[in-house]
Amino acid sequence: MKKLLEYFLRVVLLLFILSAGHAQEEEVLPTTSKYKDPSTKVWFNTYGNIRISKRLFWDAQTHFRFEETEDTPFIGQIGQIYNRHAIGYIYSKKVNFSLGGVLRVNFNTDEDSDDRPVVPEFRIWHQYQFAMPLYNSMIYHRLRIEHRWTQGFAEDSEYIFRNRWRYMFRAKIPLNNYKLEPSTLYVSPEAELIMQSGKAVVASPMEDLRLTTTLGYILTPRLTVAGGLMYSQGQTLENGGIYKQGWTMRFHVYFSPDIRKVKNKLPEIHFDD
Amino acid sequence: MFGQEKLRYTGPFQVGSFVGEVDYTYQIIDGDTLLQGPFSMKRSNLDALLDQKDKTFSFLGVFENGFPNGPWDFQFGEFESDQKTEVVGYQYRINVDGTQHRAQGSIAMGKPDGLWTISEQLIEDSEVKETLFSSQITYSNGVPQQSFRIEARQSTLVGRFLRDGLAHDDWTLFSDENTETWSFEEGVLTQIQKEGQSFDIFLGPFKATRTVNLDKRFSKILKLQLEQEQATLLKDGINKLLGENGEHYKKVDDILSQLGESQFMPLFKAKVPYFPLDSIERTALDSIQENYAQASKLANGLLENTQLNLLKRSDSEAEFLYLAVKTINDTFLGPLKKVIRLNEHQVLDYVNREQLANRLFPKGRPSASIEVGQEGRSYQGPDHHTYNFAGDMMKSLGQMSVYAKQSMDHIAGVLYEKVKNEQQQQEFVALEEQMIAHINELNQQLDSIDSSAAWGKSILNIKDLAENKLNTYSSATASEGKLEEAKRLVTCLETFKKLAQNLAQLPEKELEIQEAYTDNVWNPFMANLMQEEVKKRITAAYRNVLLPYIQNQSGSNLDCSKADKLNQLLGALHKRMLELREEDTHKLERKLRKEKDPNTILELFNLQPLNN
Numbered sequence: 084m085k086k087l088l089e090y091f092l093r094v095v096l097l098l099f100i101l102s103a104g105h106a107q108e109e110e111v112l113p114t115t116s117k118y119k120d121p122s123t124k125v126w127f128n129t130y131g132n133i134r135i136s137k138r139l140f141w142d143a144q145t146h147f148r149f150e151e152t153e154d155t156p157f158i159g160q161i162g163q164i165y166n167r168h169a170i171g172y173i174y175s176k177k178v179n180f181s182l183g184g185v186l187r188v189n190f191n192t193d194e195d196s197d198d199r200p201v202v203p204e205f206r207i208w209h210q211y212q213f214a215m216p217l218y219n220s221m222i223y224h225r226l227r228i229e230h231r232w233t234q235g236f237a238e239d240s241e242y243i244f245r246n247r248w249r250y251m252f253r254a255k256i257p258l259n260n261y262k263l264e265p266s267t268l269y270v271s272p273e274a275e276l277i278m279q280s281g282k283a284v285v286a287s288p289m290e291d292l293r294l295t296t297t298l299g300y301i302l303t304p305r306l307t308v309a310g311g312l313m314y315s316q317g318q319t320l321e322n323g324g325i326y327k328q329g330w331t332m333r334f335h336v337y338f339s340p341d342i343r344k345v346k347n348k349l350p351e352i353h354f355d356d
Numbered sequence: 003m004f005g006q007e008k009l010r011y012t013g014p015f016q017v018g019s020f021v022g023e024v025d026y027t028y029q030i031i032d033g034d035t036l037l038q039g040p041f042s043m044k045r046s047n048l049d050a051l052l053d054q055k056d057k058t059f060s061f062l063g064v065f066e067n068g069f070p071n072g073p074w075d076f077q078f079g080e081f082e083s084d085q086k087t088e089v090v091g092y093q094y095r096i097n098v099d100g101t102q103h104r105a106q107g108s109i110a111m112g113k114p115d116g117l118w119t120i121s122e123q124l125i126e127d128s129e130v131k132e133t134l135f136s137s138q139i140t141y142s143n144g145v146p147q148q149s150f151r152i153e154a155r156q157s158t159l160v161g162r163f164l165r166d167g168l169a170h171d172d173w174t175l176f177s178d179e180n181t182e183t184w185s186f187e188e189g190v191l192t193q194i195q196k197e198g199q200s201f202d203i204f205l206g207p208f209k210a211t212r213t214v215n216l217d218k219r220f221s222k223i224l225k226l227q228l229e230q231e232q233a234t235l236l237k238d239g240i241n242k243l244l245g246e247n248g249e250h251y252k253k254v255d256d257i258l259s260q261l262g263e264s265q266f267m268p269l270f271k272a273k274v275p276y277f278p279l280d281s282i283e284r285t286a287l288d289s290i291q292e293n294y295a296q297a298s299k300l301a302n303g304l305l306e307n308t309q310l311n312l313l314k315r316s317d318s319e320a321e322f323l324y325l326a327v328k329t330i331n332d333t334f335l336g337p338l339k340k341v342i343r344l345n346e347h348q349v350l351d352y353v354n355r356e357q358l359a360n361r362l363f364p365k366g367r368p369s370a371s372i373e374v375g376q377e378g379r380s381y382q383g384p385d386h387h388t389y390n391f392a393g394d395m396m397k398s399l400g401q402m403s404v405y406a407k408q409s410m411d412h413i414a415g416v417l418y419e420k421v422k423n424e425q426q427q428q429e430f431v432a433l434e435e436q437m438i439a440h441i442n443e444l445n446q447q448l449d450s451i452d453s454s455a456a457w458g459k460s461i462l463n464i465k466d467l468a469e470n471k472l473n474t475y476s477s478a479t480a481s482e483g484k485l486e487e488a489k490r491l492v493t494c495l496e497t498f499k500k501l502a503q504n505l506a507q508l509p510e511k512e513l514e515i516q517e518a519y520t521d522n523v524w525n526p527f528m529a530n531l532m533q534e535e536v537k538k539r540i541t542a543a544y545r546n547v548l549l550p551y552i553q554n555q556s557g558s559n560l561d562c563s564k565a566d567k568l569n570q571l572l573g574a575l576h577k578r579m580l581e582l583r584e585e586d587t588h589k590l591e592r593k594l595r596k597e598k599d600p601n602t603i604l605e606l607f608n609l610q611p612l613n614n
């Protein structure tokens with residue numbers, strides 16, 4: 084596993100350097116980086132992790148993302164509906180992998196636009212997640228690679244293909260308990276770097292850097308709720324010198340039902356310990 | 003008869019305890035086997051002789067019409083060998099050591115006739131070393147005649163008979179040390195002389211006499227005439243030798259009577275005075291036998307009663323009565339037993355009653371007021387003043403037996419009651435100790451738990467209840483049913499104690515149930531195992547309905563039978579909860595939704611509800 088991790092980190096680093104090389108060739112770059120005004124968004128995310136066999140689960144996520152517009156400040160209007168599904172493989176209690184697809188529905192939030200109001204976006208994604216206990220907490224490393232086909236709202240817009248390289252570091256620290264178990268309030272700081280590559284990506288390899296802090300509460304072993312605030316920034320695709328910023332309120336529901344028959348549940352989870 | 007065909011049998015044969023090879027001829031007349039002609043039966047075993055020892059015998063003689071008739075020779079040997087052999091001529095010779103009995107003489111139609119010689123000889127190296135016994139008696143048709151001679155190792159008895167077999171004149175035993183002489187007159191033994199002493203035996207005139215055989219019975223009759231030391235003096239000597247002679251004749255008689263008709267026993271005869279029991283005496287004797295049997299059974303039962311033996315150490319009245327039993331046993335039952343024995347041996351008819359009284363009660367006849375122990379206290383049985391043992395001997399003995407039996411009945415009644423009371427007292431003590439032990443354990447139980455805890459109050463209530471019950475019991479007066487009450491209370495207190503223990507253990511049991519109903523669930527988001535309670539409706543019913551119900555029940559209107567039911571319920575509930583964890587309980591869980599009635603829940607759990 085370590086080797087795999089190392090390999091991916093190297094690939095990410097290499098791509099970063101290559102992209103940086105391209106960026107120097109961009110002509111319209113401003114002399115200093117410019118930051119757009121931050122936008123505010125609200126995300127309601129559901130994360131389902133549905134056990135379907137001893138080693139397999141169905142990863143089902145649906146997100147509703149709202150963003151502010153001039154007419155609808157703060158919570159804004161619906162921007163994206165996001166369906167992410169995958170079949171996951173439980174390698175061990177601490178390591179799992181997923182492979183699946185994403186259908187994202189993008190809504191045109193530009194009130195002045197005459198373009199199409201809704202366009203789909205497709206992705207194939209795979210993910211490698213590693214957990215490590217640390218004292219009473221857990222820390223997580225998540226590598227996620229996405230192959231993404233997007234198009235603009237314009238009538239004749241064509242799909243462009245990009246790859247996304249994402250690494251997330253996250254910790255979950257229980258606040259009122261000595262371990263993460265039901266009836267526990269925890270705080271979860273998290274940082275994710277999203278890099279991108281592809282023909283369309285010339286000077287803006289760093290798509291997004293997300294810094295989040297969430298407060299969560301474990302209701303049962305199968306249900307957790309969390310809410311937090313995320314600051315994000317990243318290069319715009321059009322111009323690598325211009326950075327967009329955002330403040331996002333995020334609300335999460337994590338659920339993990341087990342639809343297996345009772346007799347198949349036994350023994351519970353004992354993979355290799 | 004002579005026309006009948008004679009048959010011959012040769013082969014194995016058994017006569018009494020003798021097994022050997024036989025050779026005889028016989029006739030079957032009217033279905034009966036009658037021995038006829040020569041008879042021989044022998045046995046010897048060389049292997050047995052060489053191995054250890056051989057018992058050999060040989061009987062040779064002649065039968066006529068089933069009666070032994072003619073010359074007979076009986077030999078019995080018991081030999082062992084030194085295992086050295088020698089060939090002489092064409093025969094192997096083995097020397098033997100042992101004893102050889104031999105009886106030789108002539109028989110006329112089953113009765114000894116002519117000279118009979120009986121001998122016992124010690125054999126060493128196949129030669130006669132010593133004659134141990136020898137008797138020579140001449141018979142005429144079974145009746146001993148003229149003079150006889152019986153020799154033992156170191157003594158010789160000589161005497162003579164009248165023609166009808168009655169002993170006559172002096173019978174004298176000559177030995178190295180002394181001589182013993184029995185003087186008969188026409189069959190009546192008048193005097194015995196031994197070691198310079200001389201004592202008269204039967205001196206006339208007699209009302210009546212009877213002719214008896216000079217056998218064991220005669221020696222018993224004789225013994226009744228003698229003082230103790232005289233009897234001891236005469237134990238050996240003529241008495242013994244006559245007995246020994248009788249034994250030898252009996253051996254031969256046993257064999258002959260097995261084979262056919264015979265009256266081989268020597269009929270030495272003597273005359274003794276006769277005092278026949280009259281009908282009143284016979285009735286008294288019957289009553290003696292009956293009363294003696296019952297009284298002696300009671301006496302033995304009391305004397306061997308271990309509890310009574312213990313009780314008499316602490317209870318002086320019991321000790322007194324115990325000693326009274328002993329005294330009655332010695333002074334009444336002992337002599338009565340002797341009388342019964344004498345009757346069994348058929349000698350009562352030959353003893354003078356006064357003589358018998360002197361013999362039975364050398365210190366005089368006992369009184370109805372029985373002196374017990376050293377302190378001069380007397381035991382007086384029921385109606386003691388109506389008894390007088392001074393009159394007619396047999397009648398008095400009969401009365402003694404009645405008195406002894408009644409006294410024994412009375413004493414047994416008193417003593418067994420005492421033993422029973424004592425036993426009851428001990429039972430009470432034991433039961434009360436158990437009660438206290440249970441109460442103490444209850445108190446300890448209470449000390450070891452937090453009385454403010456959920457179950458503390460119930461246990462406190464149980465303890466109060468138990469103490470109340472004990473107080474009620476201890477203030478109750480002794481009565482018929484108190485022992486039963488005590489037994490019930492011990493059981494009840496034990497039940498209370500168990501209930502308290504069970505209740506005190508409940509938190510522990512609850513934890514055990516909780517653990518049993520906890521599953522480890524893998525949380526994919528946290529990537530760890532989390533404990534999850536399963537079958538929550540069952541555990542909720544257990545925790546929120548049943549346990550409070552049981553607590554409530556043990557806190558109010560508790561009695562022994564309810565406590566017992568609660569104990570059973572607690573045990574069964576715990577067991578059932580553990581079973582339900584493993585069972586498919588989907589239906590049950592559905593039914594449990596919203597169910598709050600404890601008895602319904604118990605029924606759903608397949609447990610016996612408390613109220614029925």
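From first to last, the protein sequence lines stand for chains A and B.
When we follow my numbering, the leftmost residue of the first sequence carries the number 84, and every step to the right adds one.
When we follow my numbering, the leftmost residue of the second sequence carries the number 3, and every step to the right adds one.
The C-beta atom is built at its ideal place from N, Cα and C for all residues, glycine as well.
- The beta carbons of alanine 210/B and tyrosine 276/B sit closer together than 7 Å.
- Nearest to alanine 542/B by C-alpha distance, out of Gly248/B, Glu591/B, Ser563/B, Ile413/B, is Glu591/B.
- Within chain A, no C-beta atom comes less than 7 Å from the C-beta of valine 431/B; the nearest is roughly 58 Å away.
- Using a Cβ-Cβ cut-off of 9 Å, glutamine 533/B is close to Glu264, Pro265, Pro304 of chain A, given in chain order.
- Lysine 255/A and lysine 500/B have their alpha carbons spaced roughly 50 Å apart.
- Listed along chain B are Met528, Ala529, Asn530, each with a C-beta nearer than 9 Å to that of alanine 214/A.
- Between serine 19/B and leucine 52/B the beta-carbon gap is near 23 Å, outside 8 Å, which marks them as no contact.
- The alpha carbon of leucine 571/B has as its nearest neighbour, out of Gly22/B, Leu549/B, Phe163/B, Thr140/B, the alpha carbon of Leu549/B.
- Contact of lysine 177/A with chain B is assigned, a C-beta pair being separated by under 7 Å.
- Here glycine 79/B is bridged, per DSSP, to Thr58/B, Gln102/B.
- A straight line joining the alpha-carbon of threonine 129/A with that of leucine 182/A spans about 18 Å.
- Between the segment 207-224 of chain A and the segment 247-262 of chain A there are three or more C-beta pairs closer than 8 Å, enough to call the two in contact.
- Proximity of valine 523/B to chain A, defined by a Cβ-Cβ separation below 7 Å, is satisfied.
- For methionine 111/B, the secondary structure class from DSSP, reduced to helix, strand or coil, is coil.
- Taking the beta carbon of phenylalanine 140/A as reference, the chain B residues within 9 Å of it are Pro526, listed in sequence order.
- By the Cβ criterion, the segment 435-442 of chain B is not in contact with the segment 403-421 of chain B, since fewer than three pairs of Cβ atoms, one from each stretch, lie closer than 8 Å.
- Each of Leu531/B, Leu594/B, Leu612/B, Gln447/B was checked against the Cα of asparagine 559/B, and the nearest Cα belongs to Leu612/B.
- With respect to the 7 Å criterion, phenylalanine 236/A and arginine 199/A are classified as neighbours on the basis of their beta carbons.
- For serine 271/A, no CB of chain B lies under 7 Å from its own CB, so it is not counted at the interface with that chain.
- Straight-line measurement puts the Cα of glutamate 534/B at about 32 Å from the Cα of tyrosine 165/A.
- Rounded to whole angstroms, tyrosine 551/B and threonine 602/B show a C-alpha spacing of 12 Å.
- In the structure shown, the three-state DSSP call for asparagine 246/A is strand.
- Residues of chain B with a Cβ closer than 7 Å to the Cβ of tyrosine 337/A are, in chain order, Phe527.
- Per DSSP, reduced to three states, the secondary structure at aspartate 34/B is strand.
- Taking C-beta separations shorter than 7 Å and ignoring five residues to either side along the sequence, the partners of threonine 152/A in its chain run Gly159, Gln160, Thr192, Glu194, following chain order.
- Looking at the DSSP output, glutamine 227/B bridges to nothing.
- Rounded to whole angstroms, the Cβ separation of aspartate 25/B and serine 42/B is 5 Å, and the two are in contact under 8 Å.
- Contact annotation, alanine 320/B with lysine 420/B: C-beta distance approximately 5 Å; criterion of less than 8 Å satisfied.
- Partner residues in a beta bridge of phenylalanine 236/A, as assigned by DSSP, do not exist.
- In the same chain as asparagine 360/B, and ignoring 5 residues on each side of it, no C-beta atom comes closer than 7 Å to its own.
- DSSP places alanine 274/A in the uninterrupted beta strand (DSSP E) bounded by 267-280.
- For the pair leucine 268/A and tyrosine 300/A, the CB atoms are nearer than the 7 Å cut-off.
- In the three-state reduction of the DSSP assignment, glycine 366/B falls in the coil class, being assigned neither a helical nor a strand state.
- Taking 7 Å as the cut-off between beta carbons, the residues of the segment 246-264 of chain A near chain B are Lys255, Leu263, Glu264, in sequence order.
- The beta carbon of asparagine 128/A sits no closer than 7 Å to any beta carbon of chain B.
- Separation of the CB atoms of alanine 502/B and leucine 444/B is rounded to 5 Å, and the pair is thereby assigned contact status at 8 Å.
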